[in-house]
Amino acid sequence: MRQINALAVAIFLVVVLVLFAFSPRNTEIVQARFLGAIAPLLKNGSSLQKQIIGFREGMKKLNDLDAENKQLKVQLHELQAKDQTLQDLQAENNQLRKALEFRQRSSFKLVPARIIARDASTWWSTIKVDKGSNDGVVPDQPVLTEDGLVGKTTVVAANASTVLLISDENCGVAANVEGTRERGMVHGTRTSTSTEPDLTLNFLSKLANLQPGQKVYSSGVGGVFPSGVQIGEVKKFEVQPLEGVATVIPSVDLATIEDVFIVTGGGK
Amino acid sequence: MIYIYLLVAEFLALAAQEYIPALPYGARVYLLPLVIFYAALAVPFPGMLFLAFTGGFMWDALVATQVVDGTLEISLGWSIVIFAALGAIMNGFRPLFQRGHGWEIHCLLSGPLLSIFVLSEYLMITFRRGGFYFPKLIWWRIGGEGLAAMIVSPIVFLFLHWLALSFGLIPPREERVMATEGL
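Chains A and B supply the protein sequences, listed in that same order.
Going by the numbering used here, the first residue of the first sequence is number 1, and it counts up by one from there.
Going by the numbering used here, the first residue of the second sequence is number 1, and it counts up by one from there.
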């Protein structure tokens, strides 16, 4: 019996050592394959969870749905009109940038995605979404909602992706503050979660004197996140020995969002 | 057959725990470690190593290993080692399981073992990211998860055990006791 145990331990150690030797690229491939395998289960679980919640909340009356439908159609037309105007403005902006020999702003392609699982771990803030490489998603693409920045993609499977939330300590976003020339770096803290997000804006000037409510936007430095996307609002500002540090409340409620957009194509 | 059963249970537990909302202070309720701890009682040492390997691999592939900006924060395989070490402790109590005890061992040990697992994860990221700090919140989270594991473990144990007995994957209590006493 002891010989069998010793042999089992030896085989176990050899296999684990092989795994330890995996490069980041190979690890990503393994993770993507596993995420792809478990994604159908997560999608079904997510649908089931929604059905249960929907059942608990009760069915909406047909009249309510009809009214909501009409309202949504009106909103859709409004947004289509706005989108057209913005496209015109973007084209004009690009012409002017070209005239000034600036780099052209590329237009974003937004891939809508649904969250299929969230917050599976204690120390990392991540969510899983139902879009992957089949939809043009690759690692390190920004993820946002109409309210602001959510995070960036990390592991991408064919039919699902993992998104690292801005509340994670590893997700740093270069940012600037509304109405000032202050630039810094927003990131989560080690104890931060999506339910209790805790963002800090570091590397500010000690004289910044930011006021609560001032909006914080991505600056576009670093190449992952586009500029001008709202990250959150300043909650408080503190002067520390070497720098000014602001606490930021994220503009997106990371604990309750259900749908997001992944910026593909020219988002970088 | 018991190994396939426990392997499927690990996979389903991993998927199911994604839907359990976080507790106060960001503590989580984990099911996969509880399945691994059950496996450590139900199967011999080499089998426990195999199931710690599969469980740890799934955990690393979906939860723990993060590749950020092209660098690995925790290598694939660390959770396997920790699960195997904790599983070995649980496996040490297998003679009691063979004598007919079960859920109470699982319940009493799952809490502390899960807390050790979560603490080891925190130590690893602390080592990797630098900045050695342990605010109260961290301890609440680690302790809360252990407590949650102790509350949930009898349900997980009894469900897995009932299914295993129903399908004849493990011998009934009387047979196990007789086998242990050499009758």
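Backbone N, C-alpha and C define an ideal beta-carbon position, used for all residues, glycine too.
Enclosing beta strand (DSSP E) for residue i [first to last residue]
i	result
F108 (chain A)	108 to 118
N176 (chain A)	173 to 177
L149 (chain A)	148 to 156
I2 (chain B)	That residue, I2 (chain B), is in no beta strand (DSSP E); its alpha helix (DSSP H) goes 2 to 17.
I36 (chain B)	Careful: I36 (chain B) lies outside any beta strand (DSSP E), inside the alpha helix (DSSP H) at 32 to 42.
N170 (chain A)	That residue, N170 (chain A), is in no beta strand (DSSP E); it is neither H nor E in DSSP.
Neighbour flag for residue i against chain A, beta carbons, 9 Å
i	result
P46 (chain B)	yes
G92 (chain B)	no
A149 (chain B)	no
L14 (chain B)	yes
G143 (chain B)	no
R176 (chain B)	no
Y122 (chain B)	yes
E104 (chain B)	no
Y38 (chain B)	no
L49 (chain B)	yes
A27 (chain B)	yes
Inter-residue CB distance, residue i and residue j (contact presumed, cutoff 8 Å)
i	j	result
L149 (chain A)	L254 (chain A)	Wrong, their Cβ atoms sit about 10 Å apart, outside the cutoff.
E233 (chain A)	G213 (chain A)	6 Å
P112 (chain A)	V224 (chain A)	The pair is not a contact, with the Cβ atoms about 20 Å apart (cut-off 8 Å).
A42 (chain B)	A84 (chain B)	At roughly 16 Å, the Cβ-Cβ gap does not stay under 8 Å, so A42 (chain B) and A84 (chain B) are not in contact.
S167 (chain A)	P250 (chain A)	7 Å
R114 (chain A)	V137 (chain A)	Contact flag wrong, Cβ pair sits at about 13 Å.
L160 (chain B)	Y3 (chain B)	Rounded, the Cβ-Cβ distance is 13 Å, inconsistent with contact.
C-beta contact flag for residue i and residue j at 9 Å
i	j	result
V239 (chain A)	V245 (chain A)	yes
V156 (chain A)	S133 (chain A)	yes
R129 (chain B)	E169 (chain A)	yes
L137 (chain B)	G26 (chain B)	yes
V177 (chain A)	L144 (chain A)	no
V15 (chain A)	F22 (chain A)	no
S110 (chain B)	S153 (chain B)	yes
S75 (chain B)	L19 (chain A)	yes
L86 (chain B)	I125 (chain B)	no
L14 (chain B)	I38 (chain A)	yes
L62 (chain B)	A120 (chain A)	yes
P112 (chain B)	G56 (chain B)	no
L114 (chain B)	Y30 (chain B)	yes
L42 (chain A)	A117 (chain A)	yes
Element boundaries [alpha helix (DSSP H), containing residue i]
i	result
D88 (chain A)	62 to 99
H101 (chain B)	Element bounds for H101 (chain B): n/a, residue is neither H nor E.
L51 (chain B)	45 to 59
Q3 (chain A)	2 to 20
F157 (chain B)	136 to 166
N91 (chain B)	78 to 91
Y217 (chain A)	Run containing Y217 (chain A): none in the alpha helix (DSSP H); it sits in the beta strand (DSSP E), 215 to 218.
Proximity test, Cβ basis, 9 Å: residue i and chain B
i	result
D140 (chain A)	yes
V245 (chain A)	no
L165 (chain A)	no
G220 (chain A)	no
F55 (chain A)	no
V234 (chain A)	no
R183 (chain A)	no
S161 (chain A)	no
G223 (chain A)	no
K268 (chain A)	Because K268 (chain A) carries a pLDDT of 43, less than 50, the predicted location of this residue cannot be relied on, and the following value inherits that uncertainty. K268 (chain A) does not count as touching chain B.
L7 (chain A)	yes
T154 (chain A)	yes
I249 (chain A)	no
E169 (chain A)	yes
V15 (chain A)	yes
Partners in chain D for residue i, counting only beta-carbon separations shorter than 7 Å
i	result
P135 (chain B)	Absent here is chain D; the protein component of the structure consists of chains A and B.
Given a limit of 7 Å on CB to CB distance, which residues of the stretch 17 to 32 of chain A reach chain B?
L19, F20, F22, P24, T27, E28, V30, Q31
Could you list the residues in the stretch 62 to 87 of chain B with a C-beta less than 9 Å from some C-beta on chain A, going in chain order?
L62, V63, A64, T65, Q66, V67, V68, D69, G70, T71, L72, E73, S75, L76, G77, W78, I80, V81, A84
Counting only Cβ-Cβ distances shorter than 8 Å, please list the residues of the stretch 110 to 122 of chain A near chain B, keeping chain order.
A117, R118, D119, A120, S121, T122
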